[in-house]
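Numbering that gives the first Met the number 0 puts the first residue of the sequence shown at 0, with every later residue one more than the last.
Beta carbons are placed, not taken as given, at the ideal position from N, Cα and C, and that holds for glycine.
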Amino acid sequence: MLIQVNGDSLDVQEGASVADLIEQLGLGERRVAVELNLEIVPRSRHANTKLSEGDRVEVVHAIGGG
Numbered sequence: 000m001l002i003q004v005n006g007d008s009l010d011v012q013e014g015a016s017v018a019d020l021i022e023q024l025g026l027g028e029r030r031v032a033v034e035l036n037l038e039i040v041p042r043s044r045h046a047n048t049k050l051s052e053g054d055r056v057e058v059v060h061a062i063g064g065g
């Protein structure tokens, strides 16, 4: 199914969760903030929040530096 991630189309498996998406993007070990259809998804709900066709997701990850 197709969703929008940071403005780009992405094909994800039917029934995928936010946690699955984070893994697919290669961000599993990073601290990320996720917004799904203009609503923040707390990290505690990533595994239980399922994605649907046409969802709009914004994923932001922190980059450390000094």
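Write down the C-beta distance between residue i and residue j rounded to the nearest angstrom, noting that I regard them as a contact closer than 8 Å.
i, j, result
"residue 11", "residue 50", "6 Å"
"residue 15", "residue 59", "Residue 15 to residue 59, Cβ: 19 Å. No contact."
"residue 56", "residue 48", "Not confirmed; about 10 Å, so no contact."
Let's see if you can read the secondary structure: which residues bound the beta strand (DSSP E) around residue i?
i, result
"residue 32", "31-35"
"residue 21", "It is not in any beta strand (DSSP E) - residue 21 instead sits in the alpha helix (DSSP H) that spans 17-23."
"residue 8", "7-10"
Give the DSSP-derived three-state secondary structure of residue i in the structure shown.
i, result
"residue 52", "coil"
Could you tell me the distance, in whole angstroms, from the CA atom of residue i to the CA atom of residue j?
i, j, result
"residue 23", "residue 30", "15 Å"
"residue 17", "residue 63", "23 Å"
"residue 20", "residue 37", "17 Å"
"residue 43", "residue 27", "14 Å"
"residue 67", "residue 52", "What is shown of the chain runs 0 to 65, which leaves residue 67 out entirely."
Shorter than 7 Å, the distance from the beta carbon of residue i to the closest heavy atom of the ligand GDP, or not?
i, result
"residue 17", "Within the structure as shown, the ligand GDP is missing, as the structure has no ligands at all."
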